[in-house]
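Structure first, commentary second.
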Amino acid sequence: MDFSLSEEQHAIFNMAQAFGTDRIAPNARTWETDGNIPKDLWREVGELGFGGLNVSEAAGGAGLGRLDATLVFEALSQSCASVAAFLSIHNMCARMIDSFGSDEIKARVLPKAIAMDMILSYCLTEPGSGSDAAALKTKATKTNSGWQLTGTKAFISGGGYSDAYIVMARSGDDTPAGVSAYLVEDGAPGLSFGGLEDKMGWRSQPTRQVQLDNCDIAAENILGAEGEGFKYAMTGLDGGRLNITACSIGAAQSAMNMTLAYMSDRTAFGKPLDQFQALQFKLADCEIELEAARSFLRHAAWALDNGQADATKRCAMAKAFGTEVASRVADTCLQLHGGYGYLADYGIEKIVRDLRVHRILEGTSEIMRVIVARQMLAAK
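For the sequence shown, my numbering assigns the number 166 to the initial residue and increments by one for each residue that follows.
Printed below as a string of structure tokens:
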């Protein structure tokens, strides 16, 4: 079994890392303060081919596998997890359109999405349904001209910022089979947004409620078959969980790199911090856990790429383990910086704040354990 990356995979990682170092890292703190990522950045990202990482080559995308895509997000997150995670959401939506959309909707949307002239957001969560996603209340009703959507989506990254939204809404009964997926484009009648959420982390991403008040969309804006939306949503989340785990690992690696440099320069009691064995043990523990998380992630990505029967379980395990490890590593790095770790100038506290939400979105750590346990019990 060969665990090494290919030359092409190393090139993908290095290209993303270089772009992040040049274009994202120097601006990340300013964008966080502004609460906004300049849209010009996304066009540059699109020029690299990162706007359609998992979109098929036939549709104009990069056609990368899940493992290759995680390398991009791990590399970019070394510069800013918030920016990288936002790109992950866009890519998840683009992949869903490529996989389930009609020829008409793919031809109309994907070229712009791949170039990142059209930024996509994902709307599943509602004020009253988070982990219990199948309990969503947003209603979709057929009209003479198409569909009319009514309801509210919560915690939407890119709300009021993105150009189109993939919205899960109930077109049928109260079961998961009653949920369909729709593309709602900015400017649609009845589409509006709540106020800007004041968040702990991911502050460069504008997050708002997406409000649909008798929102009219064309008949062709249904994504795939009616009643299949929940299945599409869950399929999309397998890849999304891998990407968010990659974002966690990349950001934690950045914290480690900064901490190693700091401990080499900082002295106490007459010698550099990295010469104290007790602190060396902390560094070693971080390295062990982070490398384990990275291996776990890449195995899960391989399983998803190869259609393994247990891929969903592996994605859930990788996310639960990887996001929790990354948070522990970042917190340890802050501790090793002492008081300086608490200051924004050193960059560690931002990583700690950004990573906290990774254990909540794309399925909480608790829901990941539910998925794992259910599959274990079903297989016994």
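By construction, the Cβ of each residue, glycine as well, lies at the ideal position given by its N, Cα and C atoms. Note that the coordinates shown come from a computational prediction; the quantities given were computed from them, not determined experimentally.
From residue i to residue j, what does the alpha carbon distance come to, in whole angstroms?
i, j, result
"GLN182", "PHE395", "34 Å"
"LEU469", "ASP233", "12 Å"
"THR303", "ASN386", "16 Å"
"TYR287", "HIS255", "8 Å"
"ASN201", "PHE251", "11 Å"
"ASN179", "PHE168", "18 Å"
"GLU527", "ALA433", "42 Å"
"ALA417", "PRO354", "42 Å"
"ALA383", "ASP363", "34 Å"
"LEU236", "GLU197", "24 Å"
"GLU209", "GLY293", "37 Å"
"SER221", "ARG260", "8 Å"
"GLY228", "ALA481", "23 Å"
"SER530", "GLN174", "29 Å"
"LEU289", "VAL248", "20 Å"
"GLU291", "ALA346", "15 Å"
Under a three-way DSSP split, which group does residue i fall into?
i, result
"ASN379", "strand"
"ILE331", "strand"
"LEU448", "helix"
"CYS245", "coil"
"GLU393", "coil"
"THR488", "helix"
"VAL220", "coil"
"THR424", "helix"
"PRO354", "coil"
"SER169", "coil"
"SER267", "coil"
Classify residue i: buried if its beta carbon has 16 or more other beta carbons within 10 angstroms, exposed otherwise.
i, result
"PRO203", "exposed"
"ARG539", "exposed"
"ARG524", "buried"
"PRO191", "exposed"
"ASN408", "buried"
"ALA193", "buried"
"PHE446", "exposed"
"ILE453", "exposed"
Name the DSSP beta bridge partners of residue i, please?
i, result
"LYS304", "THR315 and ARG335"
"ALA322", "It is Ser, not Ala, that sits at residue 322 in the sequence shown. Paired residue(s): THR372."
"LEU285", "ALA329"
"LEU542", "According to DSSP, LEU542 bridges with nothing at all."
"LYS596", "This structure does not reach residue 596, given that the chain is present from 166 up to 545, and the question cannot be answered."
"SER530", "According to DSSP, SER530 bridges with nothing at all."
"TYR347", "VAL332 and ILE387"
Original post:
Do the stretch 320-328 and the stretch 354-371 touch if we need at least three Cβ pairs shorter than 8 Å?
Top reply: Below 8 Å, enough C-beta pairs join the stretch 320-328 and the stretch 354-371 to call them touching: three or more.
Original post:
Is there contact here, the stretch 390-407 with the stretch 336-346, by at least three beta-carbon pairs under 8 Å?
Top reply: Because the criterion of three Cβ pairs below 8 Å is met, the stretch 390-407 and the stretch 336-346 touch.
Original post:
So, do the stretch 474-493 and the stretch 447-462 have three or more beta carbon pairs nearer to each other than 8 Å?
Top reply: Yes, since at least three Cβ pairs between the stretch 474-493 and the stretch 447-462 fall closer than 8 Å, the two stretches touch.
**OP:** Determine contact between the stretch 260-270 and the stretch 237-250, defined as no fewer than three beta-carbon pairs at a distance below 8 Å.
**Re:** Output reads no: the stretch 237-250 does not touch the stretch 260-270.
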